[in-house]
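FYI, the numbering used here numbers position 752 of the sequence shown as 745, with every residue one higher than the one before it.
Following: one structure in structure tokens, then a few remarks.
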Amino acid sequence: MSSPEREFTFRCPTSVAGAPRPEFPSPFSFSGSAFTFRFPPPSAPERASGKAKEDERLCEDCAKLDLEQSLASAFALYEGARRGTIARPFGVYRRRNGPAYLKDFYHVASLGDRLSRETNNCKLCAFLASTTAEPNTRGTTHKLLAFCSSESYLFEAARRDGRGRLMRRQWWDALEHNVFMAVVPDDPLIPKTAIPLRWLETGLPRSGAIYRLTQPRSADECRIVLPRELQPRADFALMRAWLDRCRGSHDFCKPRKPAGATLRGFRVIDCQSFARQVEERPWSERYVALSYVWGPSTEDWPQTVLDAVELTRRLGERYLWVDRLCIDQTNEDEKRFLFGKMNLIYEGAEFTIIGAAGDARTGLPGVTRTQRKPQPRVELDRPTRRSQDANAGSSAQPDPDPGLELVGVPLEEYEREAAGERGWLDMHRHGLRTRLVLDMGELMRDQELMDKYDIPSKHLRLFQYFANDFGHTIENFLEIQKELARRIGIPLKEMVPYLQGQAAGRGERGEGSNGGLPLPPASSIPERPVTSLSRPCKPLPPGRVQGKTILVSSMQEPRVTIRNSEWATRGWTYQEGVFSKRRLVFTEEQVYWECCGMALNETLDLHPSIVQAEPRAPMPDYMLSGIFEGDMHRVPELQYGFQPGKREEWGQSVQKLEGHIRAYTSRKLTDSGDSLIAFLGVAAHYSDESGLSLLLGIPVWAGLFGDGKPGLQHTFALSISGWMHAARRIADGAEMYVASCPRREKFPSWTWAGWQGTATFSESDAFSAGGGGGGGEEQDDDDGVADVEYSDFFMALTSEQWAGSIDKIWSAEMMLHDADGTEATLLTDRAPVSSTGDPSKRWLLTIRKPLVLRHMYLMHSVNEWEWRRLMGKSVRIHLSVPMTEAALTAGHKTRALVTVLVFASTVPFIWNGVARFLILRRTDDSGGRWERIGRLTLVLEEWMMDKYGDTKKMLDDLPVKSFGKDIILV
């Protein structure tokens, strides 16, 4: 005899009056403002035992799982939340001093430590273990949760506008969502239905999602994302489809080459020729480029090159450019010329093939002989439907497993885990680059409407909600309400109180002495549902094979794989990835596509309307973006949004250039002598004889400032004192940072090229817990890739409007020359930067009539927020070599160290001031040669700058003295 069913009821917000309730193919039933879960009784123990006998490769715990039912229940939960019939705030919470978390995800199962047991022979456990980042850590516990596909890391968490409303996305009303599962670390400090904050953006990309294989996407299938099952061979048809979509929709991705354009020494491989011959062709020809790690291979035609030839041919192209074969390695002059044109070569390619699976010997996995890592996959028999008698005649999907309530856990347990939790700021869901979206024009329009109709803001908010719900503009809706109020015989500002009175069962006005219902606060006004209640609900698509549940992993997000690859650590490959317009990247697992407007991979099939929301436009800015725009290691999280073809101000160009320098210097070079050569393409891309340029890697302004004065002297001084190495603090709260970076003696010490280690122009980027010149974990911060103060100098000085605002500016006079003095350039006025500083020669820098610090006695500050002061001014120190504060002071006393002033100025847009010094170490006994080992910055507060009448008075107030002779830097 079967036991009676049990019922649990959960209260939800009432839907908008008159809206139809959806027909859910799910275990939920809806009544008024509540929905009820109905559960059949637990199955008999013999049932589970029988199941174990049916499939001996499943452990006892896995044999009890009904994953089809779990996915259906999760789908119904998220569908109800999207339609507003289930209350699921999806906010950030904390309990006491525990970690922050997101909650109310569907809990499928607690896995305990069975994924790490060596004796576990269960095929489902083995599959689940293969989808975790660290599956074999002994004693680690996990849980299996089901998620809504539109809440994965592929989509940035929905933001709110200036009114606090969710910013809607085009596809919310047009597409159906899907569900996926993932193995999550089971933290006892957070509820079973919760995940650590940012896990979707950090943990999930590392491990990958688990999808149920369904029927292939049909023409009318509107599912937002579906999984793809990978084959041993790469999907050439899919790659062609990516390429065709980009060619047909993205004008900004097309190579920009004049018809008939030539490039000296340009050669390509003819992939249609069986002889695989290398021949000279005009640069204007269509060609594909290859980027890969050379490695130790000395073969002319290693496997990666052979596979690239085959791939080029299979994708319908004829010519392939490979640096190893297409540059004459015996012609030094031609090599140097083409190294300086790398930006043009990769920008001019139809697309670039990137081998990120190894080196030249590895090949491109899935193209010919190199095998890919198999995609984790498991096939399960669907369990026999429980309690068929109890469900006979029911058209609903099977009921969920017994004991599961709400989001997969018993109600009592859910409430117990929620006890003591409190909401946390929602902005923390948006990761490292937080930003508040404020449309000032919209806020001003709101004020105009309140003034025009004489209504308070809380009434306007309510009218906006109803206007959106009825499909009216707010202006049109207010006119309708104004006319309705006129007919009732009240002013519009009394319309809301009148409606409150009606809702309370009175016909009179609802506020004041009439005792109507109080107007709810704006925060309690329900959100407009993501999906309209009137839209039919489509169930999950059927499985691929009837009677089977086939699960596949989406595998590690290829962006993460690429960031961790050997290819991403090499200096030579940096500019090859950055300047390519279209990229096909081969990892050990799958193929990844990234152009300037979209990023896609093999294992996930995104709906076309997601890939391109508008004709000839990039993917929307809430979609996961690419990783080749700049420094792919800048922050530990992936970022969102594509913004191709945007015209940049000079300050923005400097910011990007700084980001390139930081990213490039974080990579490895086999030959330290390539430090500048492998960066020549980036330098050429940003160089303009009348504007921004690079002098031995240092950004300078070679033309005139906005006020007509030469810019070279000031910007050179600003830049050589602006960069520093990523380093560690000498103590908590100290503003002295120390790294341990080896010198590259071939290049000057005053340029980042003369050192091995991550160089940055950003104060926030300069902090590294490891301190080895970029090793270790970086500080989490909200800044971009650059020090805004530094780039703001370029932005202001090159602007006719702002150049005059920097009323106090001074820089040291410096001369660049070779060792014997046969070549010399005074870095003032408008020196020819492009013909200065041949990187193949050794250069010295002389600072004329230098001003140096009087002493290095650092005094404790009376302000709690400051570290030290020097002669009454706040000080910050960055060193590229190991040194203590005491050693720094002692070195200045013995004159083994000296700190020389090179730049002082008003800080643009802030109006305080800054004085920048180079910390130098003597390299010979005579004191004739010095090397840069760091920098020192003094902050001149705004009241000080106001006190100075001119630049001379600013200099007079600095703690400096004449050194007495010129200083020569090596």
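Even glycine gets a Cβ: it sits at the ideal position worked out from N, Cα and C.
Predicted, not measured: the structure shown is a model, and the values here were computed from it.
Under DSSP, the beta strand (DSSP E) around residue i begins and ends at which residues?
| i | result |
| --- | --- |
| M808 | 806 to 811 |
| N469 | Not the beta strand (DSSP E): N469 falls in the alpha helix (DSSP H), residues 467 to 481. |
| C141 | 135 to 141 |
| C734 | Looking at the DSSP string, C734 is not in any beta strand (DSSP E), and its letter there is neither H nor E. |
| P692 | 691 to 694 |
| S284 | 281 to 284 |
| D374 | 370 to 374 |
| L685 | 685 to 688 |
| S205 | First, the residue type needs correcting, since residue 205 is Arg and not Ser in the sequence shown. Counting along the chain, the beta strand (DSSP E) containing R205 begins and ends at 203 to 205. |
| V271 | 271 to 273 |
When DSSP builds the beta bridges, which residues end up paired with residue i?
| i | result |
| --- | --- |
| H718 | A752 |
| C589 | C589 pairs with nothing; no bridge assigned. |
| G416 | Y86 |
| R576 | T345, E587 |
| K977 | Residue coverage of the chain in this structure runs from -6 to 963, which leaves residue 977 outside it and unanswerable. |
| Y146 | In DSSP, Y146 forms no bridge with anything. |
| I188 | L95 |
| Y633 | L617 |
Along the chain, where does the alpha helix (DSSP H) containing residue i start, and where does it finish?
| i | result |
| --- | --- |
| Y567 | 564 to 572 |
| R969 | Residue 969 is absent from the model: the chain starts at -6 and stops at 963. |
| D237 | 229 to 242 |
| A56 | 53 to 56 |
| A167 | Note, A167: premise wrong, no alpha helix (DSSP H); not H, not E. |
| D939 | 935 to 940 |
| F709 | 705 to 713 |
| Y657 | 643 to 658 |
| L404 | 404 to 411 |
| V553 | 551 to 556 |
Tell me the DSSP secondary structure of residue i in three-state form.
| i | result |
| --- | --- |
| D918 | coil |
| F68 | helix |
| T542 | strand |
| T930 | strand |
| Y615 | coil |
| P534 | coil |
| C215 | coil |
| K954 | strand |
| E595 | coil |
| D822 | coil |
| Y679 | helix |
| K842 | coil |
| A263 | It should be noted that the sequence gives Asp, not Ala, for residue 263. Correct three-state label for D263: strand. |
| E607 | coil |
| M947 | helix |
| S63 | helix |
| V400 | coil |
| I802 | strand |
Mind checking residue i: buried by the 16 CB within 10 Å criterion, or exposed?
| i | result |
| --- | --- |
| T967 | In the structure as shown, the chain starts at -6 and stops at 963, and residue 967 therefore has no counterpart that could be examined. |
| D949 | exposed |
| Q440 | exposed |
| L611 | Before going on, a small fix: residue 611 reads as Pro here, not Leu. That one is buried. |
| G701 | exposed |
| N171 | buried |
| N469 | exposed |
| E53 | exposed |
| F28 | Because the pLDDT at F28 is just 38, under 50, the model does not fix this residue reliably, and the value given afterwards should be weighed accordingly. The residue in question, F28, is buried, as its Cβ has 16 or more Cβ neighbours within 10 Å. |
| Y850 | exposed |
| M437 | exposed |
| Q794 | exposed |
| M729 | buried |
| D939 | exposed |
| P825 | exposed |
Exercise for the section: Enumerate, from N- to C-terminal direction, the unbroken beta strand (DSSP E) stretches of 3 or more residues contained entirely within the segment 80 to 132. Expected result: 85 to 88, 99 to 105
Exercise for the section: Please go through the segment 433 to 463 and give each complete beta strand (DSSP E) segment of 3 or more residues, from N-terminal end onward. Expected result: none
Problem - Every unbroken alpha helix (DSSP H) within the segment 286 to 351, with a cutoff of 4 residues, ordered by chain - result: 296 to 307, 316 to 319, 325 to 332, 335 to 340
Exercise for the section: Identify every run of the alpha helix (DSSP H) within the segment 858 to 915, keeping only runs that are complete inside it and at least 4 residues long; order them along the chain. Expected result: 878 to 886
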